[in-house]
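179 is the number that the UniProt record's numbering gives to position 179 of the sequence shown; each next residue is one higher, with no gaps.
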Amino acid sequence: KSPNTSTHYTKSPNTSTHYTKSPNTSTLDIKNPDAKTFHDQTNFKYLHHPIAASYTQSRSSVISSVEIKGVTTGVSIGVNPLSEAEVNKRGKFKFYDDFGERPAPNYADFVGGDVPLSEFGTESWQADAVYVNHFLDEAMKLIGRTRNAIYEEYGFPASGTSADRDTAFGFRVLPEWNPKSMNIGLTNVDGGTYPMVTSEKKFDGLIRRLLHAMMTNEEFRVSMGGHSAAAGHGNNFYQSYMHQFHHVMEPIFTRLGMKLRTANFGRGGLGTFQDTLAGTDTYGDPDILVWDSGMTEDGKSGAADAFSRQAILAGTRVPFLINHGWFSDTGADFAYIDILSMEGFPVTPQDEKKRKKIPAPAQYLKCETSEMNCKSPNIRFNSQCWIDTKDFTPPKNQLKVCGGRASWHPGWREHQFAGRRLSLLVLEGLEKAVELWQEKIASEGCPLDGKYWHVSKHYDQIRETTMKSVEDSACFKWLATYGLEIVCGTPMHGKTEFTPRANPDYTSLRSIVRPAANGYIPEFTTQVVYDKPIVFPDQEVPKGGVDVRAIAGSRRLDNSGIHTTLSKTYRKVFGTYNNHYKYNYSSAKLRALENVLTPGLGWEIYAHTSVGVCDGTTEHYSCKRSADNDCLGYDHHDSRGGIYGDGTSGWIIFDLKNVIVGRIVMKLETWHHEELVRKKGARKYKKRQRGLKVTGVDHWPDDVILDYAIDGHIKSLDKAKLKKEIYQPQRVVQLLNLLNKKPNKPKDIEVAVRLRCPTSKGACYVNINHMYWA
1 KSPNTSTHYT KSPNTSTHYT KSPNTSTLDI KNPDAKTFHD QTNFKYLHHP
51 IAASYTQSRS SVISSVEIKG VTTGVSIGVN PLSEAEVNKR GKFKFYDDFG
101 ERPAPNYADF VGGDVPLSEF GTESWQADAV YVNHFLDEAM KLIGRTRNAI
151 YEEYGFPASG TSADRDTAFG FRVLPEWNPK SMNIGLTNVD GGTYPMVTSE
201 KKFDGLIRRL LHAMMTNEEF RVSMGGHSAA AGHGNNFYQS YMHQFHHVME
251 PIFTRLGMKL RTANFGRGGL GTFQDTLAGT DTYGDPDILV WDSGMTEDGK
301 SGAADAFSRQ AILAGTRVPF LINHGWFSDT GADFAYIDIL SMEGFPVTPQ
351 DEKKRKKIPA PAQYLKCETS EMNCKSPNIR FNSQCWIDTK DFTPPKNQLK
401 VCGGRASWHP GWREHQFAGR RLSLLVLEGL EKAVELWQEK IASEGCPLDG
451 KYWHVSKHYD QIRETTMKSV EDSACFKWLA TYGLEIVCGT PMHGKTEFTP
501 RANPDYTSLR SIVRPAANGY IPEFTTQVVY DKPIVFPDQE VPKGGVDVRA
551 IAGSRRLDNS GIHTTLSKTY RKVFGTYNNH YKYNYSSAKL RALENVLTPG
601 LGWEIYAHTS VGVCDGTTEH YSCKRSADND CLGYDHHDSR GGIYGDGTSG
651 WIIFDLKNVI VGRIVMKLET WHHEELVRKK GARKYKKRQR GLKVTGVDHW
701 PDDVILDYAI DGHIKSLDKA KLKKEIYQPQ RVVQLLNLLN KKPNKPKDIE
751 VAVRLRCPTS KGACYVNINH MYWA
């Protein structure tokens, strides 16, 4: 927009996706003058996340019957109805939605959606003082009754002092951040202990983001990267704490003019580094990003620091980070949550009559005696695989209970209170945002001045601070060992077949595979057999319990005096998923090089790759829903997919777009030992060993050769070179550097890979999982 705006960006003339700052603006230079590792990449373009005209609904929304609509957006979701008595007791959202009758600026026209006040017309809702004040008044009441409902759900008083309530659900904002606070779990403040803490300056960053999303009617994204316990293994997917957070907060974000999108990107047996190398591409460019991988990564490690730095540098926004505070030198906004502390919750008595007085979600978290078996799987978990339905019979017999019920995996009660903690933190942010909004328009008028909610300058400041500490960072000290220190200070990008991942068609490794001459690309042959939410009645709120989502969604009745009900229809899709991406042949620059490489026909989708839409949300009901699934209702998205080949597969060619720095890294798996039987052109897997203890190439034949080519220039690695050049910075994360040379200007690059075993063609196998570049 205005040439004097300090955050205005223009496209570079040489590429359609590389952005530089306008000449009249301050320069954000992330080049490290003392190290050639880091390059001047001023391609930080902050984007507005509009709510799509066509959107999917979460599982919680689809299985509910009462429709509510968002203020100024028209976003429609479902909640359970409240009785008239409950509505009278707790209150309801009374604000009238004037959607469709007011003009609005095109938020996407402005960097980061930072609309100048002059662009809000006098008839826009942001400029209408009566409209805004009534809206904010109802918003404050909504936030308050939702918080009180969470307290009541666990038997805590809604008002007054309560040491147990503070220990279980308390949140404190400190004047200054002290990293040592995170070393002791619960944080001691003013004589009390609290599981959630941040500082005033950091918390202001969350308030700013929430105000921005409300002012611009934006999609607000919350993502988590973590291990199997964080993913919720052993529980049904929607029982995981990220989706328990979504279950409560979706109605509130909807009411306040936003659309909440929550994604659980937890992975069993892995840390976060394989995702970090892709920047935020697979995390979905979030507004809030949770790190919860303490079981597989030390929170003070280089991996955790790399996670934070890529989150800050790589996306079109800078997220508010949860559990990042060891690395405050990045300048990030963050809070700490002791996510699974059970302190403050009541002890469940052995006497059954007394036990009934403990609210159901708080029962068995702590038991009076060991004989009560609080830690037994049957008490901790209530996950299920299937419930009989008239419209479908699973092809495979279903298990009675879900797998993954390991002793170190939290049960549904732990995930529920962890989700409530995250909800309370965000509710606190929303409350402070509304208070600030009310205070400032009372003295300054409407619309709310951009200095309170614009984000672009704020993001710039964080990124500048992050770059100042690169060479002294834990990330740098760790990755310099592998020649990967670029990850600590340069935005990365990536494609993968691992799930879950955001925007799965776009982020698929297959989306950059060049078709063979006959059009062949490795594709799924497995089909989704069932595409509806599976509901287990005994997981619903018990009679007499507190339905927090219903309270958050409590609404005014329509003109007929009844609730509007949602249609109970579902889309039926029994086709092949994950093949939606159509390769753009015109984008492939078929080079007339001396060594012309042609794609082979022997590459396949790895057998463990998930079918269906596996994007970490509960907005789809197809992930892993194949005929051979013996637990269709488990619904977890976690899988380690790939594109699989052997010594007979030929070349596989990837077309990478807009390589700026000239760094390309491939993640692969070399440990697969299989007998492949060819029958009628298909491969059947007779046996499979993960061979995790053998993660090198020792088991490959001595004559093995891996060829790779960059724009047709071939380099061959024999077994000795492969042993030297394949490295493993983290468990089962095998990497091979393919390119480390900056081009004269950003360019598209062709990467080709081939495996050869000249004297024993079927004895070497490779699974390519990821391709990363910068």
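Ideal placement from N, C-alpha and C gives every residue a C-beta, glycine not left out.
Check whether residue i and residue j have beta carbons under 8 Å apart
i, j, result
"residue 126", "residue 331", "no"
"residue 526", "residue 613", "no"
"residue 253", "residue 220", "yes"
"residue 516", "residue 81", "no"
"residue 351", "residue 315", "no"
"residue 704", "residue 719", "yes"
"residue 398", "residue 735", "no"
"residue 529", "residue 656", "no"
"residue 274", "residue 770", "yes"
"residue 617", "residue 263", "yes"
"residue 383", "residue 235", "yes"
"residue 643", "residue 522", "yes"
"residue 217", "residue 170", "no"
"residue 533", "residue 62", "yes"
"residue 93", "residue 554", "yes"
"residue 288", "residue 265", "no"
"residue 494", "residue 232", "no"
"residue 740", "residue 663", "yes"
"residue 333", "residue 474", "no"
"residue 733", "residue 670", "no"
"residue 772", "residue 277", "yes"
"residue 415", "residue 240", "yes"
Bridge partners - residue i, DSSP secondary structure assignment
i, result
"residue 730", "733"
"residue 776", "In the structure displayed, the chain extends from 1 to 774; residue 776 sits before or after that span and is not available."
"residue 264", "224"
"residue 770", "496, 667"
"residue 654", "513, 751"
"residue 599", "651"
"residue 718", "705"
CA nearest to the CA of residue i, picked from the options
i, options, result
"residue 328", "138, 264, 176", "176"
"residue 777", "697, 237, 741, 764", "This structure gives no information on residue 777, because the portion of the chain shown stretches from 1 to 774."
"residue 78", "136, 274, 552", "552"
"residue 194", "616, 174, 200, 628", "174"
"residue 413", "616, 259, 296, 346", "346"
"residue 259", "534, 136, 605, 49", "49"
"residue 548", "148, 106, 88", "148"
"residue 120", "710, 497, 447", "447"
"residue 605", "513, 453, 426", "513"
"residue 729", "297, 265, 54, 228", "297"
"residue 89", "198, 404, 546", "546"
"residue 223", "244, 103, 536", "244"
"residue 776", "271, 272, 537, 409", "This structure cannot speak to residue 776, because the chain is shown only from 1 to 774."
"residue 377", "362, 358, 360, 408", "408"
"residue 455", "670, 524, 318, 56", "318"
"residue 348", "341, 338, 340, 372", "372"
"residue 268", "343, 403, 310, 665", "403"
"residue 476", "405, 309, 524, 85", "309"
"residue 122", "445, 742, 457", "445"
"residue 405", "430, 375, 396", "375"
"residue 225", "323, 168, 142, 132", "323"
"residue 763", "697, 713, 710", "697"
Whole-Å CB distance - residue i paired with residue j, under 8 Å assumed
i, j, result
"residue 817", "residue 165", "Nothing in the structure corresponds to residue 817, since the chain is present only between 1 and 774."
"residue 661", "residue 490", "6 Å"
"residue 427", "residue 146", "6 Å"
"residue 597", "residue 651", "5 Å"
"residue 153", "residue 361", "6 Å"
"residue 748", "residue 658", "7 Å"
How do the stretch 753-769 and the stretch 639-648 stand: do at least 3 beta-carbon pairs fall below 8 Å, yes or no? Taking a cut-off of 8 Å for Cβ pairs, the stretch 753-769 and the stretch 639-648 touch, as three or more such pairs fall below it.
May I ask you to verify whether the stretch 43-57 touches the stretch 105-125, counting CB pairs closer than 8 Å and requiring at least 3? Yes: the two stretches touch, three or more of their Cβ pairs being nearer than 8 Å.
Counting pairs of Cβ atoms below 8 Å between the stretch 248-262 and the stretch 417-430, do you hit three or more? Three or more Cβ pairs drawn from the stretch 248-262 and the stretch 417-430 lie within less than 8 Å of each other, which places the two stretches in contact.
Quick one: any contact between the stretch 492-507 and the stretch 622-638, if contact means 3 or more CB pairs under 8 Å? Contact between the stretch 492-507 and the stretch 622-638 is present, because at least three Cβ pairs lie under 8 Å.
Would you say the stretch 366-375 touches the stretch 154-167, given that touching needs at least three Cβ pairs under 8 Å? They do not touch, by the three-pair rule.
Should the stretch 123-137 be regarded as contacting the stretch 55-70, the criterion being three or more beta carbon pairs within less than 8 Å? Contact fails: fewer than three Cβ-Cβ distances are below 8 Å.
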